[in-house]
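Residue numbers for the sequence shown follow my numbering, beginning at 405 and rising by one.
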Amino acid sequence: MEKGGLRPGDHVVITGASSGVGTAALQVAGRIGAIPVATTRTAAKKRHLLDAGAAHVITTDDEDVVKEVRRITDGKGAEVIFDAIGGPGLATLGEAATHDGRLIVYGWLDGRPAVLPANWPLTVIGYNNLALTADPAARRRAAHFIGSGLRSGALAPVVAATFDGLERMADAHRLMESNAHTGKIVVKVRH
């Protein structure tokens with residue numbers, strides 16, 4: 405919202421939407437009245453993403469992201485794309501943006517070099533949370549937004565699984581590596 409200018413009625417494409425950040429982004433977008441469009445590789449997570457707040461889910465193994473975003477937005481494209489993946493697919497992902505859209509890259513799950521999209525005008529923003537937390541006024545706005553959302557129930561962490569104790573860390577890693585979960589994986593540690 406702060407860097408991408410997400411507004412009510414905007415379509416926002418959220419890649420890697422089954423992650424902890426992705427499920428939070430779905431909720432934030434829905435809370436302000438934007439239209440969250442989730443991407444995930446397979447249809448196995450589709451129901452979970454719809455339940456987490458996605459208005460639409462695109463399965464990238466079976467569907468063309470650009471074509472589906474254009475269909476969902478009546479040919480216009482998404483105002484904001486919130487990308488966790490990066491890599492060479494960034495250029496194609498940018499084609500799903502509307503004229504003068506914003507592409508926010510916050511992760512590099514695909515460690516290969518990224519190619520910038522050529523469909524200008526498009527604003528490409530590299531983002532991390534330090535951009536927000538380093539500014540006291542922005543940090544105050546974020547704390548208020550998140551706190552009020554948690555109190556009202558509009559924002560609720562999505563927890564895929566909870567493991568008790570460090571001895572379960574290997575199980576938690578196996579679940580994470582399987583990519584079969586939606587949301588965060590929690591390991592409880594007692595001292």
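C-beta: ideal position from N, C-alpha, C; glycine also.
Which residues bound the beta strand (DSSP E) around residue i?
{"i": "His-415", "result": "415-418"}
{"i": "Ile-489", "result": "Neither: Ile-489 is in no beta strand (DSSP E) and is coded neither H nor E."}
{"i": "His-362", "result": "Because residue 362 is not part of the residues shown, which for the chain are 405 to 595, the question remains open."}
{"i": "Thr-463", "result": "460-463"}
{"i": "Asn-442", "result": "Note that residue 442 is Ala in the sequence shown, not Asn. Taken as a continuous stretch (DSSP letters only), the beta strand (DSSP E) holding Ala-442 covers 439-444."}
{"i": "Lys-588", "result": "588-592"}
Closest by CA to residue i, which one among the options?
{"i": "Leu-559", "options": "Val-432, His-460, Tyr-531", "result": "Val-432"}
{"i": "Pro-492", "options": "Met-580, Met-405, Lys-471, Val-509", "result": "Val-509"}
{"i": "Asp-455", "options": "Arg-411, Val-528, Gly-587", "result": "Gly-587"}
{"i": "Asp-568", "options": "Ile-589, Ala-459, Leu-513", "result": "Ile-589"}
{"i": "Thr-527", "options": "Ala-547, His-460, Leu-494, Pro-440", "result": "Leu-494"}
{"i": "Gly-434", "options": "Ile-462, Ala-447, Arg-411, His-503", "result": "Arg-411"}
{"i": "Ala-428", "options": "Gly-505, Ile-529, Met-405, Ala-500", "result": "Met-405"}
{"i": "Pro-593", "options": "Arg-578, Glu-472, Arg-572", "result": "The sequence given here has Val at residue 593, not Pro. For Val-593, the nearest C-alpha among the options comes from Arg-572."}
{"i": "Leu-579", "options": "Gly-409, Ser-423, Gly-413", "result": "Ser-423"}
Suppose you measure from the CA of residue i to the CA of residue j; what does that come to, to the nearest Å?
{"i": "Asn-583", "j": "Asn-523", "result": "32 Å"}
{"i": "Thr-464", "j": "Arg-545", "result": "34 Å"}
{"i": "Thr-444", "j": "Ser-552", "result": "29 Å"}
{"i": "Ala-535", "j": "Lys-449", "result": "31 Å"}
{"i": "Leu-453", "j": "Val-562", "result": "10 Å"}
{"i": "Ala-565", "j": "Gly-426", "result": "16 Å"}
{"i": "Asp-468", "j": "Leu-554", "result": "35 Å"}
{"i": "Thr-477", "j": "Leu-570", "result": "46 Å"}
{"i": "Gly-481", "j": "Ile-529", "result": "18 Å"}
{"i": "Glu-581", "j": "Thr-446", "result": "15 Å"}
{"i": "His-415", "j": "Ala-438", "result": "6 Å"}
{"i": "Asn-533", "j": "His-585", "result": "24 Å"}
{"i": "Thr-537", "j": "Gly-479", "result": "36 Å"}
{"i": "His-548", "j": "Tyr-531", "result": "21 Å"}
{"i": "Pro-525", "j": "His-503", "result": "6 Å"}
{"i": "Glu-472", "j": "Ile-462", "result": "7 Å"}
{"i": "Gly-557", "j": "Ile-436", "result": "14 Å"}
Locate the alpha helix (DSSP H) running through residue i, then write down its first and last residues.
{"i": "Ala-547", "result": "540-556"}
{"i": "Thr-527", "result": "Where Thr-527 is concerned, there is no enclosing alpha helix (DSSP H), although the beta strand (DSSP E) it sits in stretches over 526-530."}
{"i": "Thr-537", "result": "534-537"}
{"i": "Lys-471", "result": "469-476"}
{"i": "Val-425", "result": "424-436"}
{"i": "Ala-576", "result": "573-582"}
{"i": "Asp-455", "result": "450-455"}
Tell me, to the nearest whole angstrom, how far the beta carbon of residue i is from that of residue j; I am working on the premise that it is less than 8 Å.
{"i": "Ala-576", "j": "Val-591", "result": "5 Å"}
{"i": "Val-470", "j": "Ala-459", "result": "At roughly 18 Å, the Cβ-Cβ gap does not stay under 8 Å, so Val-470 and Ala-459 are not in contact."}
{"i": "Asp-514", "j": "Gly-498", "result": "With a Cβ gap of about 15 Å, Asp-514 and Gly-498 do not count as contacting."}
{"i": "Arg-474", "j": "Gly-408", "result": "Their Cβ separation, rounded to whole angstroms, is 20 Å, which puts Arg-474 and Gly-408 out of contact at 8 Å."}
{"i": "Leu-430", "j": "Gly-413", "result": "Between Gly-413 and Leu-430 the Cβ distance is about 16 Å, and since that is not below 8 Å, they are no contact."}
Under a CB-based cut-off of 8 Å, is residue i close to chain D?
{"i": "Asp-514", "result": "Protein chains in the displayed structure number just one, and chain D is not present."}
Just to check, is the beta-carbon of residue i closer than 7 Å to a non-hydrogen atom of the ligand ADP?
{"i": "His-577", "result": "Among the components modelled here there is no ligand, and therefore nothing to report on the ligand ADP."}
Quiz item: Would you call the stretch 417-432 and the stretch 478-494 in contact, with 3 or more CB pairs under 8 Å?
Solution: yes
Quiz item: Are the stretch 535-542 and the stretch 505-521 touching by the rule of at least three beta carbon pairs closer than 8 Å?
Solution: no
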